[in-house]
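**Student:** Using this note's numbering, count along the sequence shown one by one with no gaps and you end on 909.
Below is the structure I would like to discuss, written out as structure tokens.
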Amino acid sequence: MLKHYTITALFVWLAFQSIAQPGNCRTAADENQARYLEQTRQERQTYDALAAAARNGNNSITWVPIQIHDCVPSPGSLNGALDDYTLWQWLNDLNETFLPYNVQFYECGYIDRFANQALYAFDASEEPSLAAYDVPNVINIYYFNAVTDGSAVYCGYSYLPPSQDRIILSKSVSCSLDSDVLLHEMGHYLSLYHTHGKTGGQLTDELVDGSNCSTAGDDVCDTPADPNLYSVYNCTYSNTTLRDVNNQLYQPDPSNLMSYAPYNCRNRFTPGQMNRMVYSVHYDRNYLTGCAHPGGCETVIADFPYVEDFENGTGHWYPTESDLFELLPMQLNAGPTPTAGTGPAAAFSGSGYMYAESSNDLNAYDRYFVLNSPCFDLRRLNAPELRFALHAEGATPAYIFLQYSVDGGFTWKGDPTFLWVGQGNQGPAWQQTAVDLTDFSGAPYTQFRFVVNMAQGELADVALDSIAIADTQPDGCTLDLVSYVRDAVCYGDSSGQISVDLLGAFVPPVVFSWSNGATDPAVSGLAPGVYTLTVTDGNRCSVTGNFVISEPPVLQLSLSASDESGPGQSDGLVSATVSGGRPPYAFYWSNGATSAVLSSLNAGLYSVTVTDAGGCAKVASVLVSAQGVSCEGVYRNFPYAHGFESGLGWFEQETVFDNKNWTQRSGSTPTGNTGPSSAYEGARYRYLEASVSHNAPLPVAMLKIKKCLDFSRLTNPVFEFYYHMYGAQMGSLLVEISLDNENSWQTIWSRTGNQGNQWHKASIDLSAFKYAPFKIRVTGIGGPGGLSDIALDAYYFGESGGNSYRPASVGPVASTETAPELVLYPNPATEELNVGLPDGKAYRSLEIFDQNGRLHRTIDPQDMENRTLTIELNGLAPGTYFLRLISDGGAEVRRFVKMK
Numbered sequence: 010m011l012k013h014y015t016i017t018a019l020f021v022w023l024a025f026q027s028i029a030q031p032g033n034c035r036t037a038a039d040e041n042q043a044r045y046l047e048q049t050r051q052e053r054q055t056y057d058a059l060a061a062a063a064r065n066g067n068n069s070i071t072w073v074p075i076q077i078h079d080c081v082p083s084p085g086s087l088n089g090a091l092d093d094y095t096l097w098q099w100l101n102d103l104n105e106t107f108l109p110y111n112v113q114f115y116e117c118g119y120i121d122r123f124a125n126q127a128l129y130a131f132d133a134s135e136e137p138s139l140a141a142y143d144v145p146n147v148i149n150i151y152y153f154n155a156v157t158d159g160s161a162v163y164c165g166y167s168y169l170p171p172s173q174d175r176i177i178l179s180k181s182v183s184c185s186l187d188s189d190v191l192l193h194e195m196g197h198y199l200s201l202y203h204t205h206g207k208t209g210g211q212l213t214d215e216l217v218d219g220s221n222c223s224t225a226g227d228d229v230c231d232t233p234a235d236p237n238l239y240s241v242y243n244c245t246y247s248n249t250t251l252r253d254v255n256n257q258l259y260q261p262d263p264s265n266l267m268s269y270a271p272y273n274c275r276n277r278f279t280p281g282q283m284n285r286m287v288y289s290v291h292y293d294r295n296y297l298t299g300c301a302h303p304g305g306c307e308t309v310i311a312d313f314p315y316v317e318d319f320e321n322g323t324g325h326w327y328p329t330e331s332d333l334f335e336l337l338p339m340q341l342n343a344g345p346t347p348t349a350g351t352g353p354a355a356a357f358s359g360s361g362y363m364y365a366e367s368s369n370d371l372n373a374y375d376r377y378f379v380l381n382s383p384c385f386d387l388r389r390l391n392a393p394e395l396r397f398a399l400h401a402e403g404a405t406p407a408y409i410f411l412q413y414s415v416d417g418g419f420t421w422k423g424d425p426t427f428l429w430v431g432q433g434n435q436g437p438a439w440q441q442t443a444v445d446l447t448d449f450s451g452a453p454y455t456q457f458r459f460v461v462n463m464a465q466g467e468l469a470d471v472a473l474d475s476i477a478i479a480d481t482q483p484d485g486c487t488l489d490l491v492s493y494v495r496d497a498v499c500y501g502d503s504s505g506q507i508s509v510d511l512l513g514a515f516v517p518p519v520v521f522s523w524s525n526g527a528t529d530p531a532v533s534g535l536a537p538g539v540y541t542l543t544v545t546d547g548n549r550c551s552v553t554g555n556f557v558i559s560e561p562p563v564l565q566l567s568l569s570a571s572d573e574s575g576p577g578q579s580d581g582l583v584s585a586t587v588s589g590g591r592p593p594y595a596f597y598w599s600n601g602a603t604s605a606v607l608s609s610l611n612a613g614l615y616s617v618t619v620t621d622a623g624g625c626a627k628v629a630s631v632l633v634s635a636q637g638v639s640c641e642g643v644y645r646n647f648p649y650a651h652g653f654e655s656g657l658g659w660f661e662q663e664t665v666f667d668n669k670n671w672t673q674r675s676g677s678t679p680t681g682n683t684g685p686s687s688a689y690e691g692a693r694y695r696y697l698e699a700s701v702s703h704n705a706p707l708p709v710a711m712l713k714i715k716k717c718l719d720f721s722r723l724t725n726p727v728f729e730f731y732y733h734m735y736g737a738q739m740g741s742l743l744v745e746i747s748l749d750n751e752n753s754w755q756t757i758w759s760r761t762g763n764q765g766n767q768w769h770k771a772s773i774d775l776s777a778f779k780y781a782p783f784k785i786r787v788t789g790i791g792g793p794g795g796l797s798d799i800a801l802d803a804y805y806f807g808e809s810g811g812n813s814y815r816p817a818s819v820g821p822v823a824s825t826e827t828a829p830e831l832v833l834y835p836n837p838a839t840e841e842l843n844v845g846l847p848d849g850k851a852y853r854s855l856e857i858f859d860q861n862g863r864l865h866r867t868i869d870p871q872d873m874e875n876r877t878l879t880i881e882l883n884g885l886a887p888g889t890y891f892l893r894l895i896s897d898g899g900a901e902v903r904r905f906v907k908m909k
């Protein structure tokens, strides 16, 4: 019988694995797919595939049809064709991956080997031609000699849902050496993004600490942030410099099948990825019913003892054969085999037996013979056992394997899970062998097969006879429990798990009764304690077990610090002391360090996450101050709020470390599809104009506090402001803090990427800094194009909860600072300088001097009545200047820079 539709693995597959980098995958989500996946993101992230499989019953398999299409260059040619075994092996790997989730894939029929010289070297532009070969409502998997898109070469691609049902794969030797390319593209078809994110050409937006994992990167939280895995050596990520916006080193997983790690490294999906794919099977792709399931278990034997001695043909046993590699049929025989010096002279019992004829296809180096059993329902057997008679005499060595399947013959377990292995010359007599099947006593669909592997030579006939299955303990209630207990991971949590398997000759229905009221064989979310389970079957046989969930000691963390001896001395020290939990401990500091003690530190806030061996975490922070810091002035009168209606308030433009200014604006920014349409409150706001000339550096604008902040009088000080980050090329916004009078800066808050077309409120807790005067800087960094305008409005310093800028727009809050300040912008300036004048003063003059004290301009007081004026800088040479404002309260001086 030719069983091309059965997905199977025949023996140990020692696949040569490439150590080269995989070719790029062409798969990318289009706008419709990205929108659909975002709309269903939460459902995918909360779906528990294993729990769903348990609810539906372990024997309720969802079958998914596929059709393999193999393009060959000419009719009847097998040159360049993939052989059945290789394809079966890859599909077997696919099924073994999904079997725990009760999802299996089956072929609709024979492999469709179609001849088309034009498509043999396939280009993506030719895909419309494939409609003639597609089978509707089936996953159509195409193999071509090469896959390209113009000049770009790919190992394959597929489509995320919703989409057409095609997976395109290359037979290039650099792509098709094992199943990982098929699994990778099937992952895309079942809604997985690459681990490096939703777009291929940009650095992932997922943070290393995982804080945005549900909406960034691949939307899967148990895959670490992946910056695109090219820096891999011996399957270990080797880039020690690439960091995220929080300055944390990336630690991606080179073993993940959805990464761009080398082929020989990729071998697994995470549970989160499996949940997402199984969800896709049940909800995105539930229309895949294009061909009938072939029924792997067409015959199920449940009456025992069972014996097949081949006296009346092959019974329900059948051989497997193939035209494309040396898989030959076993034969029914009576009497001696044709070749002398090998094979039995007669059957073990009766007259008939099955055998592999070693003189078949003598020129082949490796030959395989397969004999498949029917399906057996072993659930009523207490201790089932398989017995068979084997004859293996001859000078040419042969190997015999016994494999099993629990899904109707669609997935076969190979090395190292062979039930039995025999090899070599066994002599002229029949040998009887017994194999314990107790592990299968609860399985309703168990199937077996014998695989004979021969090298060259004709003295290696192998025969089988009298195959029997019986119960070695047929009487009484012999139920037993096998359990898996997982203790609570962390002290005080409810993460314990208990799962049990019922062994013995149980009769459905089976009732599970736990002391906490649960009725499933697996219970989770358990607090520490003792749990009792009673299991009763349909014959009222029962078994009881007690299980203990324990917990580790509480994880404790304390930090100590030594201050920096002076600004810029870099001699601060921080030490972490840990106890409890489950040693060893891992340390992950905010500056990227991983040891318990940090030295040579600048002033700053240092946070550490300590994780024990069970994954329990403790977080703490400590402040390292700089001794001898002197501030030119201090703000300590709070609250203070400013809305950018006039000037910058307590902030000033940075003049050294940026290349742009925060520009005052009302209404929309000049560039469409980025920036706000109006201020958050009032009429004006400040924004970073992202449009720059070609090849110019990214635009950077900084606002820094003019004096130190002293929050020692406050209980819960905060810095709050409203920001707008809308645009397809959006960059980053950072809030930084300096404890050493601007000698060094540390990021305490950040946002990166498009945040949508609305204002957002940022609220930053500054309690950790309340006893050390410090400065704050707000830095905007534009993206790689003009669609990245960033805007700020309505900032506030004071107690948490005291901010008058509410989501419903209100008027600006008056500043409590006693001395309103003179403001200049932009600074540096080119053609014009805007001057914001404080209210409440009578002005006498405004003067501009150069660095040598020469007077260049005098402004008439009548021009200053509106409190805002623009000064033309024509005639001033590039350089540094000083603006002096004289009022009835004295003189104020500000520096500005005139640029070309």
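Virtual Cβ for every residue (Gly too), placed ideally from N, Cα, C.
Note that the structure is a prediction, hence the values are computed from the model and not measured.
Helix, strand or coil: which one does DSSP assign to E40?
**Tutor:** Locating residue 40 in the sequence shown gives position 31, where the first residue counts as 1. In this structure, E40 counts as helix in the three-state DSSP scheme.
**Student:** Where do the N-terminal and C-terminal ends of the alpha helix (DSSP H) with P280 fall, by residue?
**Tutor:** The residue given as residue 280 occupies position 271 in the sequence shown. Residues P280 to Y288.
**Student:** Could you tell me the alpha carbon to alpha carbon distance between G820 and L718, rounded to whole angstroms?
**Tutor:** Locating residue 820 in the sequence shown gives position 811, where the first residue counts as 1. Locating residue 718 in the sequence shown gives position 709, where the first residue counts as 1. The predicted model places G820 with a pLDDT of 32, which falls under 50 and marks its position as unreliable; any figure quoted below should be read in that light. The straight-line gap from Cα to Cα measures roughly 25 angstroms.
**Student:** Quick one: Cα of E698 to Cα of G795, how far?
**Tutor:** One-based indexing of the sequence shown puts residue 698 at position 689. One-based indexing of the sequence shown puts residue 795 at position 786. Cα to Cα, the separation comes out at about 8 angstroms.
**Student:** Using alpha carbons as the reference points, say which of Y597, D496, A514 and P517 lies closest to I507.
**Tutor:** Within the sequence shown, residue 507 is the residue found at index 498, counting from 1. Among Y597, D496, A514 and P517, the Cα nearest to that of I507 belongs to D496.
**Student:** Just curious, the beta strand (DSSP E) that V379 is in, first and last residue?
**Tutor:** Stepping through the sequence shown from its first residue, residue 379 is reached at position 370. Element bounds for V379: R376 to F385.
**Student:** Between F730 and the rest of its own chain, which residues show a CB-CB distance below 8 angstroms, the 5 nearest in sequence each way excluded?
**Tutor:** The residue you call residue 730 lines up with position 721 of the sequence shown. Excluding residues within five positions, the ones whose Cβ falls inside 8 angstroms are K770, A771, V787, L801, D802, A803, Y804 and Y805.
**Student:** If distances are taken between C-alpha atoms only, which option among A838, Q767 and F778 comes closest to S747?
**Tutor:** Working through the sequence shown from its first residue, we reach residue 747 at position 738. Comparing Cα positions, the closest option is F778.
**Student:** Where S475 and P353 are concerned, what is the direct C-alpha to C-alpha distance, given to the nearest angstrom?
**Tutor:** Numbered from its first residue, the sequence shown carries residue 475 at position 466. Numbered from its first residue, the sequence shown carries residue 353 at position 344. Going from the Cα of S475 to the Cα of P353 covers about 14 angstroms.
**Student:** Among all the DSSP beta bridges, which residues are the ones paired with D79?
**Tutor:** Numbered from 1 along the sequence shown, position 70 holds the residue referred to as residue 79. The partner list for D79 (beta bridge, DSSP) reads R122 and Y152.
**Student:** Checking 8 angstroms against the spacing of the C-beta atoms, do G623 and P561 come in under that value?
**Tutor:** Within the sequence shown, residue 623 is the residue found at index 614, counting from 1. Within the sequence shown, residue 561 is the residue found at index 552, counting from 1. Yes, they are a contact pair.
**Student:** Do W671 and Y644 count as a contact pair if the criterion is CB distance below 8 angstroms?
**Tutor:** As a working mapping, residue 644 is identified with position 635 in the sequence shown. As a working mapping, residue 671 is identified with position 662 in the sequence shown. No.
**Student:** From S686, S183 and I478, pick the residue whose C-alpha is nearest to that of Q456; which is it?
**Tutor:** Within the sequence shown, the letter at position 447 stands for residue 456. Comparing Cα-Cα distances from Q456 to each of S686, S183 and I478, the minimum goes to I478.
**Student:** Are the region 566-581 and the region 629-637 touching, with three or more C-beta to C-beta distances below 8 angstroms?
**Tutor:** Counting Cβ pairs under 8 angstroms, three or more are found: they touch.
**Student:** Run the CB neighbour count on S630, radius 10 Å, all protein chains shown included, and call it buried at 16 or more, exposed below.
**Tutor:** Along the sequence shown, read from residue 1 onward, the residue named residue 630 stands at position 621. So S630 ends up on the exposed side.
**Student:** With 16 other CB atoms within 10 Å as the buried threshold, where does A472 fall?
**Tutor:** By one-based count along the sequence shown, residue 472 stands at place 463. Buried: at least 16 other Cβ atoms inside 10 Å.
**Student:** Mapping DSSP to helix, strand and coil, what is F457?
**Tutor:** Here residue 457 corresponds to residue number 448 of the sequence shown, with the count starting at 1. The answer is strand: DSSP assigns F457 an E or B state.
**Student:** What does a CB cutoff of less than 7 angstroms around P31 pick up in its chain, not counting 5 residues either side in sequence?
**Tutor:** For the purposes of this step, residue 31 is identified with residue 22 of the sequence shown, where counting begins at 1. Because P31 carries a pLDDT of 46, less than 50, the predicted location of this residue cannot be relied on, and no value is offered for it.
**Student:** Using the rule of at least 16 other Cβ atoms within 10 Å of the residue's Cβ for burial, across every protein chain shown, is T825 buried or exposed?
**Tutor:** Here the question's residue 825 lines up with position 816 in the sequence shown. Unreliable placement is indicated for T825, whose pLDDT of 33 sits below 50; no coordinate value is reported for it.
**Student:** Fully enclosed by the region 316-366, which beta strand (DSSP E) runs are 3 residues long or longer?
**Tutor:** Here the runs fully enclosed are 327-329, 336-338, 340-343 and 361-365.
**Student:** Using beta-carbon positions only, say whether L742 and I799 come within less than 8 angstroms of one another.
**Tutor:** If you number the sequence shown from 1, residue 742 lands on position 733. If you number the sequence shown from 1, residue 799 lands on position 790. Taking 8 angstroms as the Cβ cut-off, L742 and I799 qualify as a contacting pair.
**Student:** Quick check: what's the CA-CA separation for A392 versus D489?
**Tutor:** Counted from its first residue, the sequence shown places residue 392 at position 383. Counted from its first residue, the sequence shown places residue 489 at position 480. Distance between the alpha carbons of A392 and D489: 12 angstroms.
**Student:** Looking only at DSSP bridge pairs, what is P145 linked to?
**Tutor:** As a position in the sequence shown, residue 145 is number 136, starting the count at 1. Per DSSP, none; premise fails for P145.
**Student:** Under the three-state reduction of DSSP, which class applies to W97: helix, strand or coil?
**Tutor:** Taking the first residue of the sequence shown as position 1, residue 97 is located at position 88. Residue state, collapsed to three classes: helix.
**Student:** Sorted by chain position, which residues of the same chain lie with C-beta nearer than 7 angstroms to C640's C-beta, five sequence neighbours on each side aside?
**Tutor:** As a position in the sequence shown, residue 640 is number 631, starting the count at 1. Same-chain partners within the cutoff: K716, C717, N750 and P782.
**Student:** Give me the Cα-Cα distance between L297 and V144, rounded to the nearest whole angstrom.
**Tutor:** In the sequence shown, the residue the question calls residue 297 occupies position 288. In the sequence shown, the residue the question calls residue 144 occupies position 135. Their backbone Cα atoms lie some 10 angstroms apart in a straight line.
**Student:** Report the three-state DSSP secondary structure of L885 (helix, strand or coil).
**Tutor:** One-based indexing of the sequence shown puts residue 885 at position 876. Three-state result, L885: coil.
**Student:** Thinking L842 and L831 are a contact (beta carbons under 8 angstroms), I'd like their distance in whole angstroms, please.
**Tutor:** Counting from one through the sequence shown, the residue named residue 842 turns up at place 833. Counting from one through the sequence shown, the residue named residue 831 turns up at place 822. Their Cβ separation, rounded to whole angstroms, is 12 angstroms, which puts L842 and L831 out of contact at 8 angstroms.
**Student:** Taking its Cβ as the centre, do 16 or more other Cβ atoms sit within 10 Å of T204, making it buried, or is it exposed?
**Tutor:** Residue mapping note: residue 204 aligns to position 195 of the sequence shown, counting from 1. The residue is buried, with at least 16 neighbouring Cβ atoms inside 10 Å.
**Student:** Helix or strand or just coil, what does DSSP make of T477?
**Tutor:** Against the sequence shown, residue 477 aligns to sequence position 468. For the sequence presented, residue 477 should be read as Ala rather than Thr. Strand at A477.
**Student:** Using the C-alpha atoms, what's the distance from P793 back to V147?
**Tutor:** Working through the sequence shown from its first residue, we reach residue 147 at position 138. Working through the sequence shown from its first residue, we reach residue 793 at position 784. Whole-angstrom Cα-Cα distance: 42 angstroms.
**Student:** A443 and E394 look like a contact to me (Cβ under 8 angstroms); what is the Cβ gap, rounded to whole Å?
**Tutor:** Within the sequence shown, residue 443 is the residue found at index 434, counting from 1. Within the sequence shown, residue 394 is the residue found at index 385, counting from 1. Right, the Cβ-Cβ distance comes to about 6 angstroms (below 8 angstroms), so this counts as a contact.
**Student:** DSSP beta-bridge partners for D489?
**Tutor:** Taking the sequence shown and counting its residues from 1, the one referred to as residue 489 is at position 480. Paired residues: L512.
**Student:** Can you name, in chain order, every residue of its own chain whose Cβ lies under 8 angstroms from the Cβ of M908, other than the five neighbours on each side?
**Tutor:** Here residue 908 corresponds to residue number 899 of the sequence shown, with the count starting at 1. Around M908: P837, A838, T839 and P887.
**Student:** How about S571 and L582: do their beta carbons lie closer than 8 angstroms?
**Tutor:** On the sequence shown, position 562 is the one that residue 571 refers to. On the sequence shown, position 573 is the one that residue 582 refers to. Closer than 8 angstroms, so yes.
**Student:** Pull up the distance between the alpha-carbon of F913 and that of W758, whole angstroms please.
**Tutor:** Past the edges of the chain, shown from 10 to 909, lies residue 913, and the structure says nothing about it.
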